[in-house]
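Have a look at the structure below before the remarks.
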Amino acid sequence: MATAFELTRPELGSQYEVTVYQLGWRLGGKGASGRGAADRIEEHGLHLWMGFYENAFRMIRDCYSELRRDPRTCRIATWRDAFSPVPLLALTNRTRLGEWEYWAARFPPTRDLPGDPLAGENPFSLRGYFSRATNLLLELVRSARFPSESAGPWPVGYTAPPWQPPPQSGSVWEGISRLLKYGQLISATATFEGVWLLHTAVSTLYPHVHLRGRPQELLLQLLDGLGAAAHRQLEALTERDDELRRVWEVVDLILTLIRGSVRFGLATDPRGFDAIDDYDWVEWLRLNGLSSTAMSSSFLRSLYGLMFAYEDGDPHRPRLSASVMLRGLLRMFFTYRGALFWKMNSGMGDTIFAPMYEVLKRRGVRFRFFHRLRNLRLAPPSPQERPYVEALEFDLQAEVKGDVEYWPLVDVRGLPCWPSTPDYSQLIDGECMAREGWNFESHWDERRAGTRQLHVGQDFDLVVLGTSIGALPHVASELLARDTRWQKMVKEVKTVATQAFQLWMNTDVRALGWRESRVLLAGFVEPFDTWADMSHLAPEESWRQPPQSIAYFCNVLPEPPPTPHSPDQGFLAAEHHRVRTNAIHFLNHDIGWLWPLAVRREGFRWELLLDPSEGTPERTGEARFDSQFFTANVNPSDRYVLSLPGASRHRISPLDLTFDNLTIAGDWTESGLNSGCVESAVMSGQLAAHAISGWPPLETIIGYDHP
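Here it is, written out as structure tokens:
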């Protein structure tokens, strides 16, 4: 969608005629959502946008601006109507007694908003990241008590150490040398002074000055001294003050990030962050001196959960590229704007893909739904020309009545939305398909109404392959056979299945025993370690008795045991049942740690769940869970794309035009971010558009730092 949006911008003057061929009846892929019973929003999982998604927010802001909805008739008329800030992030931790506890952090809003024009120095650089990181260090160390000091907290009104280093570079190094002469940075004043010197060195010099010889040695010695001070505080706080211990864990982590970046020369290495891609995230932190206390913190553990970073879906096999995580973490905390997270105020399909569909339709883009790509056929090899796509072969899943395009949207009280099932009345033999249960989005349902072939020169000139990497062996086998790089990419850039469920309840979260609201919680118990309170969506739905709270849960889904037979249509049903079993066990045995009033001795209080079909024979007990929404994302194109150590080098860029008339788009490509998220997908789509048209200019893709 990002590629189509860029190729049809008015700046290009209608140079390109774009047609989108789409499996099933809705757009969005892993981000697609639908409206089910009672107009309830049904998602593939939990979708949040982060405050550093500059390219994604800029695109969706342009989309809403062009759409020009009337706020008197449409409740989501602007991008600000579509998104709400989420200031609260909660993390969980298991105590020494085996109990689960949580702590919540509120991230202050910023004055500017994601997608606003960037002013001043580029924040997406090591200097920008570390200037902000050391600013945070100053505030953290200023606010933290030193248990090792009898003096206790900082004096009231304390704002700076008695000595401040002058701005000249020579004086900075002289100040560091003088401070290090006294040995360990034991006192609060010495530690604060050291952080101040670090901030001055990083924000005014690094990385514009090549730190070699004595300056690099001094900076690393200062970082080691500050790290040792943080470790001493952590040891003193391990069992006496959880809040302060968490502050020092963050201090220790930031110092480790800076120390590792200096040691590995990331500022001057032409590979940038990718120089450490072969390392696992925790492995790299350990190499650079992160304390064992911070290493086992709930914060680090939650990062793996938020990134679904478990190979084969096994929670005992966390693996995550150090380069991807370092880049993402620095952007996440030090370049966010407005809020750390942003929730959508309806389904992702309603707030993102319906507006994009409407704008693209106005621009003349054609949409061909119910097209399952079967083969991307290459022309026979020729020494006289580069390889190119000769034809596209589709299964026509269904045919639309009349000589018109399928209209995919439904109206929910003035808001265009995607339904959870297709409109069979628009389809030839639609009633029969509905009765027989045709699943247009299942990889294993191969029923079709016909076939279709598109030929180069007649039906298309250029192809953008926008399916996910999990589907490539099934739709692009000729590419893999022709090019060993494609084979290697499919082998090394792995995916993982995910699982999710949503609950609609007749009481609010405080009545369940939870004290916060509008929360995103991570790092909880498997098999559902992430929860978001989505109660703000209740007014969007059409219940007779509106829900008082809505909860979304998600996590990876471990790979099933191997079987001697290939999966068939029964596989999807079996995986769906496995998610149901996992969710019921989770609610009966684990949810009480978060919602103590939602359980009784025998398990979850199932009567809390709202059933949209209330009035028919009532479901009771665990059977009531069947009235909720749950999903197993096991289709090849629905699986989450991992960022494993060493995998980035195998990603192919949309700018790589080895095949003459083909480019690719998706969060599995070399996008400059290389993580499974909306921003990666948008950046990749913009790169694909640039590969075709030269638009947008690469320097306008924010945060894209590759040659």
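First residue of the sequence shown: 528, per the working numbering; consecutive thereafter.
The C-beta atom is built at its ideal place from N, Cα and C for all residues, glycine as well.
Values in this document were obtained by computation on a predicted structure and should not be read as measured data.
Sequence-distant residues of the same chain with beta carbon closer than 7 Å to residue i, five excluded per side
i, result
"glycine 941", "Thr600, Cys601 and Arg602"
"tryptophan 690", "Because the pLDDT of tryptophan 690 is 40, which lies under 50, any placement of that residue in the model is unreliable, and the number read from its coordinates should be weighed accordingly. Result list for tryptophan 690: Glu720, in chain order."
"proline 935", "Trp552, Arg553, Phe896 and Trp945"
"phenylalanine 987", "Leu981"
"arginine 975", "Asp922, Leu923 and Gln924"
"leucine 667", "Val774, Val777 and Val778"
"tryptophan 971", "Pro1094, Asp1095, Gln1096, Phe1098 and Leu1099"
"aspartate 841", "Pro1085"
Closest residue to residue i among the options (Cα-Cα distance)
i, options, result
"leucine 1214", "Val991, Ser1140, Thr1057 and Ile996", "Val991"
"tryptophan 808", "Ala836, Gly799 and Ala794", "Ala836"
"valine 1241", "Ser714, Leu1182 and Lys557", "Because residue 1241 is not part of the residues shown, which for the chain are 528 to 1234, the question remains open."
"glycine 1230", "Leu725, Leu645 and Val613", "Leu645"
"leucine 812", "Asp839, Gly754, Phe861 and Gly840", "Gly754"
"lysine 1047", "Arg1009, Arg562 and Phe634", "Position check: residue 1047 holds leucine in this sequence, whereas lysine was assumed. The shortest C-alpha separation from leucine 1047 is found at Phe634."
"alanine 1257", "Phe967, Trp965, Tyr806 and Leu856", "Outside the modelled stretch of the chain, which goes from 528 to 1234, sits residue 1257, for which no answer is possible."
"glutamate 973", "Arg899, Leu954 and Ser909", "Arg899"
"phenylalanine 826", "Arg1166, Asn662, Met859 and Val777", "Val777"
"alanine 866", "Gly642, Leu761, Gly655 and Arg669", "Gly642"
"leucine 539", "Asp1232, Ser1220, Ile1228 and Gln1026", "Ser1220"
"valine 927", "Tyr951, Tyr629 and Leu905", "Tyr951"
"leucine 725", "Trp775, Lys708 and Ile785", "Ile785"
"lysine 870", "Ser1164, Ser1140 and Tyr1079", "Tyr1079"
"arginine 595", "Glu885, Val1083 and Glu701", "Glu885"
Beta bridge counterpart(s) of residue i as assigned by DSSP
i, result
"threonine 1158", "Ala1027"
"tryptophan 627", "Arg621"
"threonine 1022", "Val1168"
"valine 916", "Leu905"
"threonine 716", "Threonine 716 pairs with nothing; no bridge assigned."
"methionine 577", "Phe868"
"phenylalanine 894", "Val547"
"valine 927", "Leu954"
"proline 612", "Trp869"
"serine 560", "Glu570"
"leucine 942", "Val939"
"methionine 1032", "Ser1076 and Leu1136"
"phenylalanine 987", "Val983"
"leucine 900", "Phe921"
"alanine 632", "Leu616"
Proximity below 7 Å, CB of residue i to CB of residue j
i, j, result
"valine 547", "phenylalanine 894", "yes"
"proline 1239", "alanine 604", "Nothing about residue 1239 can be reported from this structure: the residues present for the chain run from 528 to 1234 only."
"valine 1052", "aspartate 956", "no"
"tryptophan 1122", "glycine 1050", "no"
"proline 1181", "alanine 1218", "yes"
"glutamine 1155", "leucine 1030", "yes"
"threonine 1022", "glycine 984", "no"
"glycine 1130", "asparagine 1109", "no"
"serine 989", "asparagine 1201", "Residue identity check: residue 989 is leucine in the sequence provided, not serine. Not a contact, by the Cβ cut-off of 7 Å."
"leucine 664", "valine 722", "yes"
"serine 1175", "threonine 1196", "no"
"alanine 1150", "glutamine 1026", "no"
"glutamate 581", "alanine 1216", "no"
"glutamate 1249", "histidine 1177", "Limits of the chain in this structure are 528 at one end and 1234 at the other, which puts residue 1249 out of reach."
"glutamate 1134", "arginine 567", "no"
Minimum Cβ-Cβ distance from residue i to chain B less than 7 Å
i, result
"leucine 1121", "Here chain B cannot be found, since the structure has a single protein chain."
For residue i, the first and last residue of its enclosing alpha helix (DSSP H)
i, result
"histidine 1217", "1205–1220"
"alanine 1237", "Residue 1237 lies beyond the stretch modelled for the chain, which goes from 528 to 1234, so this question has no answer here."
"leucine 782", "769–790"
"valine 1046", "Where valine 1046 is concerned, there is no enclosing alpha helix (DSSP H), although the beta strand (DSSP E) it sits in stretches over 1046–1049."
"methionine 859", "849–861"
"glutamate 1043", "No alpha helix (DSSP H) contains glutamate 1043, which DSSP labels as neither H nor E."
Contacting residues, own chain, Cβ-Cβ under 6 Å from residue i (five flanking each side not counted)
i, result
"proline 694", "Note on proline 694: pLDDT 46, under 50, position unreliable in the model; no value is reported."
"glutamate 838", "Arg844 and Arg846"
"glutamate 968", "Gly551"
"glycine 555", "Gly876 and Phe880"
"aspartate 501", "Since the displayed the chain opens at 528 and closes at 1234, residue 501 lies outside it and no answer follows."
"threonine 686", "At threonine 686 the pLDDT is 39, less than 50, meaning the model places this residue with poor confidence; the figure from the coordinates comes in the next sentence. Answer for threonine 686: no residue qualifies."
"histidine 1103", "Ala1159"
"alanine 1059", "Leu573, Leu1047 and Tyr1079"
Host beta strand (DSSP E) of residue i (start-end)
i, result
"valine 990", "990–992"
"glycine 977", "977–982"
"leucine 830", "Counting along the chain, leucine 830 falls outside any beta strand (DSSP E), though it belongs to the alpha helix (DSSP H) covering 825–833."
"alanine 1059", "1057–1060"
"isoleucine 1191", "1189–1191"
Cβ shell of residue i (< 8 Å), same chain only, five flanking positions each side left out
i, result
"proline 636", "Pro612, Pro614, Gly865 and Ala866"
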